[in-house]
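**Q** Numbering (this note's numbering), first residue to last: 4 to 230. Quick one: this structure, given as structure tokens, is what I'll be asking you about.
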């Protein structure tokens, strides 16, 4: 009996191993059946996801206003644009750039233009008043010289001292007239220089404004060609 015991134990182990292996094989077969699919004829699509930038095969660069650098604006944003995929013809609307900064700058320049224009007008008025006053004085001195000349001529029969006094008065009147005449010319030249300087500043501002106006018009972007 003892001789059959090891044989029985070994036989039991073999039977257990057999059933374990059989069960494992059936499980693998069932899993394989679940993963299999029927083969069909048709298109085979492959999709690839990748980071990067897509570029059209044919494209057209649309540049912003050429005057931006000249007027000191280095960056603008797009405030409106046609929907993606829209077909446009040459010259048709594409987009609008944000005009906030350029319009603020234009208002500042216009304010400077108004200020300089006011200064110019006031300078012209002041100059006209000053020169008219000097001209009036010149007219009065001219009449005074004629009176002194007449007094001198009438003093021919007067004592020498009276004649000398008349000569001195006439010479003084002539001197005052010449001095005032020179003052008039200097004042006129000075006024012309002031007006010219103000006009130069005004023209510079007006040219600056024209640059801004031209750039402002280009903030509406149009298609350079069909597309």
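Glycine is no exception: its CB is placed at the ideal position from the N, C-alpha and C atoms. Bear in mind the structure is a predicted one, so any value in this text is a computation, not a measurement.
When burial is assigned at 16 or more other CB atoms within 10 Å of the CB, is residue 142 buried or exposed?
**A** exposed
**Q** Where residue 220 and residue 200 are concerned, what is the direct C-alpha to C-alpha distance, given to the nearest angstrom?
**A** 31 Å
**Q** Taking 7 Å as the threshold (C-beta atoms), are residue 93 and residue 226 in contact?
**A** yes
**Q** To which residues of the same chain is residue 255 closer than 7 Å at the C-beta, ignoring the five residues directly before and after it?
**A** Lying before the first or after the last residue shown, residue 255 is absent from the chain, which here runs from 4 to 230.
**Q** Could you check the C-alpha separation between residue 31 and residue 54 for me, to the nearest Å?
**A** Any reading at residue 31 is ruled out, since the residue's pLDDT is 48, under 50, leaving its predicted position unreliable.
**Q** CB residue 79 to CB residue 101, shorter than 7 Å?
**A** Yes, Cβ-Cβ distance for residue 79 and residue 101 is below 7 Å.
**Q** I'd like the list of long-range same chain contacts for residue 130, defined as Cβ closer than 6 Å, with 5 residues on each side in sequence excluded.
**A** 194
**Q** The alpha helix (DSSP H) spanning residue 97 covers which residue range?
**A** Premise fails: residue 97 lies in the beta strand (DSSP E), 96-100, not in any alpha helix (DSSP H).
**Q** Are residue 152 and residue 183 closer than 7 Å when you measure CB to CB?
**A** no
**Q** Taking DSSP's pairing of strands, which residues face residue 81 in a bridge?
**A** Looking at the DSSP output, residue 81 shares a beta bridge with 100.
**Q** Is it buried or exposed, residue 169, if we count other Cβ atoms within 10 angstroms and call 16 or more buried?
**A** buried
**Q** With DSSP as the reference, please indicate the residues paired to residue 223 in a beta bridge.
**A** 99
**Q** Whole angstroms are fine: how far does the CA of residue 109 sit from the CA of residue 74?
**A** 10 Å
**Q** Classify residue 215 as buried or exposed, calling it buried when 16 or more other Cβ atoms lie within 10 Å of its own Cβ.
**A** buried
**Q** Kindly indicate which three-state DSSP category residue 54 falls into: helix, strand or coil?
**A** coil
**Q** Closest by CA to residue 96, which one among 104, 105, 106, 84?
**A** Ranking 104, 105, 106, 84 by Cα distance to residue 96 puts 84 first.
**Q** For residue 224, count neighbouring Cβ atoms within 10 angstroms of its own Cβ and tell me buried if that reaches 16, exposed if not.
**A** buried
**Q** With DSSP collapsed to three states, give me the class of residue 32.
**A** Residue confidence for residue 32 is low, a pLDDT of 48 falling below 50, so the modelled location carries little weight; the figure read from the coordinates is stated next. Reduced to three states, the DSSP call for residue 32 is helix.
**Q** Taking 7 Å as the cut-off, decide whether the C-beta atoms of residue 126 and residue 197 are in contact.
**A** yes
**Q** I'd like to check one pair, residue 70 with residue 218: are the Cβ atoms closer than 7 Å?
**A** yes
**Q** Can you tell me which of the three DSSP states residue 5 falls into?
**A** Because residue 5 carries a pLDDT of 47, less than 50, the predicted location of this residue cannot be relied on, and the following value inherits that uncertainty. Of the three classes helix, strand and coil, the one that applies to residue 5 here is coil, per DSSP.
**Q** If you run the structure through DSSP and keep just helix, strand and coil, what is residue 168?
**A** helix
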